[in-house]
């Protein structure tokens, strides 16, 4: 959802010529598109939010200036709305860590594998300050699935989930989030007795019999 531009949607280039602002060409400016589709109403239900955002993103998918809009939407002063096909949480992930939200993982069935490595990775990510929502954005996996695996509520997972998490883990663990929210997540993960990434150095996360280093050994 592009900003209302100034100067009658025109910009002046270095030669003094007038050029139309990119937002002039935005698909959401069409008469057939409801602007409220891109913003949440007060008290909006989660299910309603999902449907509304899917519709808004379908408009963005056909927009010729979606890239420009997405870039504009990462301005930290812009808090609300769908911009270039990204909602608030997705834009936040891009602004804070520089990664694009991953596409949702689509799979139909698959081999069930031991969830131990995934659980250990998710717990280590929590020790680094990542919430399940942030991991979901980076991996394209569902928050309820990640939460269940991280807590030990799932003993097995389908192979595509395990593979996606294993592929994304190294990048995430290399760029820990900052701020009060991350600090609170770290504290909670430590209190839960979850091992950090450094505690798994030299140990095989995929080996159910492996034991992480103690806090003192990893220091």
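Numbering (our numbering), first residue to last: 28 to 246. For glycine and all other residues, C-beta sits at the position ideal for the given N, C-alpha and C.
Alpha carbon to alpha carbon, how far is residue i from residue j?
i	j	result
residue 115	residue 212	20 Å
residue 150	residue 171	15 Å
residue 220	residue 242	10 Å
residue 202	residue 63	35 Å
residue 94	residue 80	18 Å
residue 288	residue 110	Shown here, the chain extends from 28 to 246; a query on residue 288 therefore has no answer.
residue 235	residue 178	16 Å
residue 159	residue 92	31 Å
residue 199	residue 209	13 Å
residue 140	residue 196	18 Å
residue 135	residue 47	46 Å
residue 101	residue 108	11 Å
residue 207	residue 189	30 Å
residue 222	residue 106	34 Å
residue 60	residue 194	38 Å
residue 148	residue 214	17 Å
residue 70	residue 237	47 Å
residue 218	residue 52	51 Å
residue 162	residue 119	13 Å
Are the beta-carbon atoms belonging to residue i and residue j less than 9 Å from one another?
i	j	result
residue 167	residue 129	yes
residue 85	residue 142	no
residue 144	residue 205	no
residue 113	residue 133	no
residue 216	residue 153	yes
residue 164	residue 117	yes
Return the chain-ordered list of same chain residues with a C-beta closer than 8 Å to the C-beta of residue i, the five sequence neighbours on each side being excluded.
i	result
residue 89	54
residue 82	64
residue 187	132, 134, 137
residue 185	134, 136, 137, 138, 139, 140
Along the chain, where does the beta strand (DSSP E) containing residue i start, and where does it finish?
i	result
residue 75	Looking at the DSSP string, residue 75 is not in any beta strand (DSSP E); the run it does join, the alpha helix (DSSP H), is 73–88.
residue 183	183–185
residue 226	No beta strand (DSSP E) contains residue 226, which DSSP labels as neither H nor E.
residue 140	139–141
Closer than 7 Å by C-beta to residue i: which residues in its own chain qualify, once you throw out the five before and the five after it? Chain order, please.
i	result
residue 76	67
residue 191	132, 166, 167, 168
residue 146	176, 177, 179
Which two residues bound the contiguous alpha helix (DSSP H) that contains residue i?
i	result
residue 213	207–218
residue 178	170–178
residue 162	159–166
residue 27	Nothing about residue 27 can be reported from this structure: the residues present for the chain run from 28 to 246 only.
residue 55	No alpha helix (DSSP H) holds residue 55; DSSP gives it neither H nor E.
Looking only at its chain, what residues have a beta carbon closer than 6 Å to the beta carbon of residue i, apart from the 5 residues adjacent to it on each side?
i	result
residue 227	239
residue 245	225, 226
residue 229	none
residue 174	159
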